[in-house]
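Under my numbering, the sequence shown has 272 at position 268, and the numbering climbs by one with no breaks.
In what follows, a single structure is set out as structure tokens and then discussed.
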Amino acid sequence: MSASAPIEGFFRLDKEWSRLDTARVAILPLPYEHTTSYGKGAALAPAAIRDASSYLELYDEELDTEIFMLSNGIATLPPLCFDASCRDAAAVEAIREQVSRLIDQDKFVICIGGEHTISIGSALAYTHACPNLSILQLDAHSDLRSVYEGNPYSHACVMARIYEFNRNIVQVGIRSQGAEEAEFIKKNRIATFYAHDIRQGRYGSDMESWQHAVIETLQENVYVTFDCDFLDPALMPALGTPEPGGFGWDETISFLRTLAARRTIVGFDVNEFAPVPPFIHPQFTIAKLIYKLIGYIFS
5 MSASAPIEGF
15 FRLDKEWSRL
25 DTARVAILPL
35 PYEHTTSYGK
45 GAALAPAAIR
55 DASSYLELYD
65 EELDTEIFML
75 SNGIATLPPL
85 CFDASCRDAA
95 AVEAIREQVS
105 RLIDQDKFVI
115 CIGGEHTISI
125 GSALAYTHAC
135 PNLSILQLDA
145 HSDLRSVYEG
155 NPYSHACVMA
165 RIYEFNRNIV
175 QVGIRSQGAE
185 EAEFIKKNRI
195 ATFYAHDIRQ
205 GRYGSDMESW
215 QHAVIETLQE
225 NVYVTFDCDF
235 LDPALMPALG
245 TPEPGGFGWD
255 ETISFLRTLA
265 ARRTIVGFDV
275 NEFAPVPPFI
285 HPQFTIAKLI
295 YKLIGYIFS
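Here you go:
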């Protein structure tokens with residue numbers, strides 16, 4: 005599918021601010037759902053988040069600006085089509101090709117899934133394009149299984165696949181994993197910041213301490229993969245695999261603000277959101293998180 009024609013886009017911007025040829029940010033909706041193992045609906049997420057984004061205030065009181073202007077606009081691409089012939093490795097390659105094409109056009113790419121499998125293709129494209137790149141995973145689950153339910157491209161295997169081409173991975177917020185994954189982390193000395201260690205003050209008694217510890221492990225360039233179950237289900241109930249003990253809005257936004265100030269975020273994805281009618285606050289929350297992060301990156 006061509007990445008040239010914008011559609012009715014995120015944040016309901018005027019045409020002059022949503023043109024792909026002039027906007028620095030390109031949002032790529034990826035309604036991919038093939039291996040979800042509990043709650044369903046991830047394929048509906050890009051449209052739900054886009055619709056919610058139409059109701060955001062474009063002016064941000066913290067940054068004292070309309071964020072879309074910082075990036076000279078935000079373009080929305082047509083969703084990729086994932087039919088029966090475009091699954092697993094084929095889906096990963098389709099995403100990689102599209103993201104690589106946008107990178108070649110000097111765009112900052114935001115991929116919105118969809119299940120977590122979408123991150124493999126995007127992370128691969130950025131790994132090829134950017135030297136000294138860390139993959140920062142904000143997630144409740146390690147996603148380091150070699151194979152899950154017979155599929156190496158399961159959402160539970162995402163970071164194992166990414167580790168095969170980029171070993172600079174850092175995990176934050178982990179609070180659920182299998183014994184196989186725990187052993188993989190120990191054997192390969194993967195920087196993993198477990199939620200319980202953060203909560204129990206292993207890195208210091210205040211929020212800045214654990215944030216500093218995480219950022220110190222990162223290369224200069226960072227690709228962020230944001231699994232929505234990083235957030236606590238009290239805030240974010242619309243998830244395929246919710247886990248208690250997650251992170252709140254203020255500490256998440258504080259971390260993203262600090263990260264953007266101290267490292268170069270080159271791209272990011274948001275994944276594993278699954279709309280749950282009649283709730284509307286979850287998709288609004290994710291839309292605002294995306295918009296705020298754009299502001300931090302480009303301010």
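All C-beta atoms in this analysis are idealised placements derived from N, C-alpha and C, irrespective of residue type, glycine included.
N- and C-terminal bounds of the alpha helix (DSSP H) containing residue i
i	result
residue 99	93 to 108
residue 215	211 to 220
residue 112	Segment 112 to 117 is the beta strand (DSSP E) holding residue 112; no alpha helix (DSSP H) there.
For residue i, the first and last residue of its enclosing beta strand (DSSP E)
i	result
residue 80	78 to 80
residue 227	225 to 231
Check: residue i C-beta below 8 Å from any heavy atom of the ligand NAP
i	result
residue 241	Ligands in the displayed structure: none, and consequently the ligand NAP is not present.
DSSP-derived helix/strand/coil call for residue i
i	result
residue 246	coil
residue 145	strand
residue 175	strand
residue 195	strand
residue 158	coil
residue 315	The shown model of the chain, from 5 to 303, leaves out residue 315, and the question about it has no answer.
residue 36	coil
residue 31	strand
Outcome for residue i when other beta-carbon atoms lying within 10 angstroms are tallied against a minimum of 16
i	result
residue 96	buried
residue 26	exposed
residue 206	exposed
residue 85	exposed
residue 42	exposed
residue 287	buried
Contact under 9 Å by Cβ, residue i with residue j
i	j	result
residue 125	residue 277	no
residue 293	residue 230	yes
residue 72	residue 17	yes
residue 219	residue 267	yes
residue 295	residue 57	yes
residue 38	residue 119	yes
Checklist entry - Is the region 255 to 262 in contact with the region 97 to 110, if contact means three or more CB pairs nearer than 8 Å? => result no
Checklist entry - Counting pairs of Cβ atoms below 8 Å between the region 175 to 191 and the region 142 to 161, do you hit three or more? => result yes
Checklist entry - Touch check for the region 267 to 282 and the region 237 to 250: three-plus C-beta pairs under 8 Å? => result yes
Item to check | At least three beta-carbon pairs within less than 8 Å, the region 155 to 174 to the region 201 to 216 | outcome: no
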